[in-house]
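S.K.:
Protein chains: 2
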Amino acid sequence: MTTADPIEFWFDFSSPYAYFAAHQIDALAARHGRAVAWRPFLVGASLKLTGMVPLTQQPLRGDYALHDWNRMARLYDLPFAMPARFPVISVAPSRAFYAVEATAPAVAPQFALDLFRALFGKGVDITDPERIGEIGAALGLDAAELAAATRDPRWKEALRERTDEAIAKGIFGAPYVRIGDEGFWGSDRLWMAERWLETGGW
Amino acid sequence: MTTADPIEFWFDFSSPYAYFAAHQIDALAARHGRAVAWRPFLVGASLKLTGMVPLTQQPLRGDYALHDWNRMARLYDLPFAMPARFPVISVAPSRAFYAVEATAPAVAPQFALDLFRALFGKGVDITDPERIGEIGAALGLDAAELAAATRDPRWKEALRERTDEAIAKGIFGAPYVRIGDEGFWGSDRLWMAERWLETGGW
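Those protein sequence lines, which keep their order, are chains A and B.
Numbered as in the working numbering, the first sequence ends at 218 without a single skipped number.
Numbered as in the working numbering, the second sequence ends at 218 without a single skipped number.
#1: For the region 64-83 of chain B against the region 197-208 of chain B, are there 3 or more C-beta pairs whose distance is under 8 Å?
#2: Going by CA-CA distance only, name the one from V52/B, I23/B, F27/B, A38/B that's closest to M88/B.
#3: For K64/B and G152/A, what's the separation of their Cα atoms in angstroms?
#4: For a test of the three-state rule: what should DSSP assign to F27/B, helix, strand or coil?
#5: For F102/B, does the three-state DSSP call read helix, strand or coil?
#6: Residues of chain A with a CB under 9 Å from the CB of P75/B: which are they?
#7: Since I195/B is in the alpha helix (DSSP H), which residue starts that stretch and which ends it?
#8: Do you know how far the Cα of D180/B is from the Cα of T18/B?
#9: Starting from V116/A, follow the alpha helix (DSSP H) in both directions and report where the run begins and ends.
#10: Could you tell me the alpha carbon to alpha carbon distance between A184/A and R50/B, rounded to whole angstroms?
#11: Pairs of beta-carbons, one from the region 43-62 of chain A and one from the region 122-137 of chain A, closer than 8 Å: are there three or more?
#12: Restricting to Cα atoms, I'd like to know which of L82/B, L91/B, D21/B is closest to S31/B.
#13: Could one say the Cβ of W218/A lies closer than 9 Å to chain B's Cβ atoms, at least one of them?
#14: Check whether the Cβ of F156/B lies closer than 9 Å to any Cβ atom in chain A.
#15: Between V193/B and A209/B, what straight-line distance do the alpha-carbon atoms span, to the nearest angstrom?
#16: Relative to the alpha-carbon of A124/B, which residue among L157/B, V104/B, F136/B has its alpha-carbon at the smallest distance?
#17: Can you give me, in chain order, the residues of the region 87-98 of chain A that have a beta carbon less than 7 Å from any beta carbon in chain B?
#18: Pair every Cβ in the region 167-175 of chain B with every Cβ in the region 106-125 of chain B, then say whether three or more of these pairs are closer than 8 Å.
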């Protein structure tokens, strides 16, 4: 690992905790001269391996999570409302992200953040290729190409590879930050990831 | 809730994350003029309700936890080794704690901390009433009385009541801090509990 390596930010667009972390990760990395590789994946594959069900379906834990998300939104002064359908099947926005990363990498992080904001901040259905196209268009991307990208085998394959990579790296939840080989699970561990960057590890 | 109310620190002696939090909670509360009510309970009852298995038995998540505990121990400069048998059945030390709380409340937090340190720092079997007696004796308590307390129906009942109380309060894991009605799960949320104390909530 060199200092020039980006830190990896693994997430599923369906994760409220990832939504909050997504607002902090670029600034956190920049404070230590690092870039961020945004890495959407399908966390459902990891949940299956670990025997977990989506958080909102877990007794007691689901109620806590709902309360906690609203509390975090107030703390970080971000809009937050649960999507009408949850969990969100994040296949389409994730494929679109990898298309943008390959063709217009400079706007890819902003595109990811705007997808998150549309979903949790504005109640937009980001599983709909048309909505994805509109979100991209606001950043100067071609809406029709972006909508088509959600069905393109290239980005379908890209997402599958990233999801396999996540599992190979032991990533069992989202968000999950990797600095070199060191992993930090959860939006409430960003402080520790930052300590790791500050100190070079311990 | 008045400022004079203690904050509640719910934990299971078997939890490594609670071991780390136990070293921080009194100082955290004291910085805001608050006392701490130490509340051991049997987290297994909560895990059963939520369908969870002990962390070390979960694929991927168990490996992460082991790595994470060692990493936290280095960060906080605390000794740490996994007990020979894990999870630890924490019935006996928890009953002993409630006996000490009722009869010598001033030393109860230190007694709890010493039990944690014996288990995770020195590899002592704290399920053994004799070892519990020795740990208490080092604090000036009567070793034989303490060993007997682990089988006393009064403290058996006290532990059962606290475990029921935990479930009634929606406490699904350990450690878990309550400030008034506000709950914070996990040793990695102490920063948020502290923010809550600083601000009076948000």
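Ideal Cβ positions, reconstructed from N, Cα and C, are used throughout, including at glycine.
Every value quoted in this text rests on a predicted model; they were computed, and no experiment measured them.
M.R.: In terms of the structure at hand:
#1: no
#2: Counted from its first residue, the second sequence places residue 88/B at position 72. Here the closest residue by C-alpha is A38/B.
#3: The residue you call residue 64/B lines up with position 48 of the second sequence. The residue you call residue 152/A lines up with position 136 of the first sequence. C-alpha separation (whole angstroms): 45 Å.
#4: As a working note, residue 27/B is residue 11 in the second sequence. DSSP places F27/B in strand when its eight states are reduced to three.
#5: As a working note, residue 102/B is residue 86 in the second sequence. Three-state result, F102/B: coil.
#6: Along the second sequence, one-based indexing puts residue 75/B at 59. The contacting residues are L65, T66, G67, F188.
#7: Looking up residue 195/B in the second sequence gives position 179. Element bounds for I195/B: not the alpha helix (DSSP H) but the beta strand (DSSP E), 192-195.
#8: Here residue 18/B refers to the residue found at position 2 when the second sequence is read from its first residue. Here residue 180/B refers to the residue found at position 164 when the second sequence is read from its first residue. Residue placement at T18/B is flagged as unreliable, the pLDDT there being 47, under the threshold of 50; the coordinate-derived value follows with that caveat. Straight-line Cα distance between these residues: approximately 24 Å.
#9: In the first sequence, residue 116/A corresponds to position 100, counting from 1. For V116/A, the uninterrupted alpha helix (DSSP H) segment begins and ends at 107-119.
#10: As a first step, residue 184/A must be located in the first sequence, where it is residue number 168. As a first step, residue 50/B must be located in the second sequence, where it is residue number 34. Taking the straight line from one Cα to the other gives about 45 Å.
#11: yes
#12: Residue numbering aside, residue 31/B sits at position 15 when the second sequence is read from its first letter. Here the closest residue by C-alpha is L82/B.
#13: On the first sequence, position 202 is the one that residue 218/A refers to. W218/A counts as touching chain B.
#14: In the second sequence, residue 156/B corresponds to position 140, counting from 1. As written in the sequence, residue 156/B is Gly, which differs from the Phe given in the question. For G156/B, the answer is no, since every Cβ of chain A falls outside 9 Å of its Cβ.
#15: Start at 1 with the first residue of the second sequence, and residue 193/B comes out as number 177. Start at 1 with the first residue of the second sequence, and residue 209/B comes out as number 193. Their backbone Cα atoms lie some 7 Å apart in a straight line.
#16: Position 108 of the second sequence, counted from the first residue, corresponds to residue 124/B. Checking every option, the nearest Cα to that of A124/B belongs to L157/B.
#17: Hits within the stretch, in order: R90, L91.
#18: Contact between the region 167-175 of chain B and the region 106-125 of chain B is present, because at least three Cβ pairs lie under 8 Å.
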